[in-house]
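First up is the structure itself, then whatever we jot down about it.
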Amino acid sequence: MTTTPAIAIAELPFEKALSELEQIVQKLEGGNVALEESILLYERGEQLKKRCEALLGEAEARIEKITLAADGRPRGTEPLAEQ
């Protein structure tokens, strides 16, 4: 498994955090990990999951939907959350 302990989780881009999280899940599901290492992997996996969720939340907040006027023409945008 490739982990990036030198890089703080808070600095990881989404794709790298997700990739590492997937590797951790595979390793844990394989069942060939000592208990102490399993606990450490699980803890790092939780941190990576939170990082991915935070980055997805930030991306969602930036997405806007186009609003249409009564005649069907675009009239502007509004935040996705205000649907």
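Take the sequence shown: its letter number 66 is residue 65 in numbering that gives the first Met the number 0, and every next letter is one higher. Backbone N, C-alpha and C define an ideal beta-carbon position, used for all residues, glycine too. Computed from a prediction, not measured in an experiment: that's the story for all the values here.
Supposed contact pair residue j and residue i - C-beta distance, whole angstroms, cut 8 Å
i: residue 27; j: residue 37; result: 6 Å
i: residue 7; j: residue 47; result: Not really, about 12 Å apart at Cβ, beyond 8 Å.
i: residue 23; j: residue 40; result: 5 Å
One or two residues paired with residue i in a DSSP bridge
i: residue 27; result: For residue 27, which the question treats as bridged, DSSP gives no partner whatsoever.
i: residue 67; result: 73
Own chain, CB closer than 6 Å to residue i, minus 5 neighbours either side, in chain order
i: residue 75; result: 66
i: residue 77; result: 66
Terminal residues of the alpha helix (DSSP H) in which residue i lies
i: residue 60; result: 34 to 61
Same chain only: Cβ atoms within 8 Å of residue i, ignoring 5 sequence neighbours per side
i: residue 3; result: Residue placement at residue 3 is flagged as unreliable, the pLDDT there being 48, under the threshold of 50; a coordinate-derived value is accordingly withheld.
Nonlocal neighbours in the same chain, by C-beta distance under 7 Å from residue i, ignoring five residues either side
i: residue 13; result: 51 and 54
i: residue 32; result: 26 and 40
Reference residue i; option with closest CA among the options
i: residue 43; options: 21, 57 and 56; result: 21
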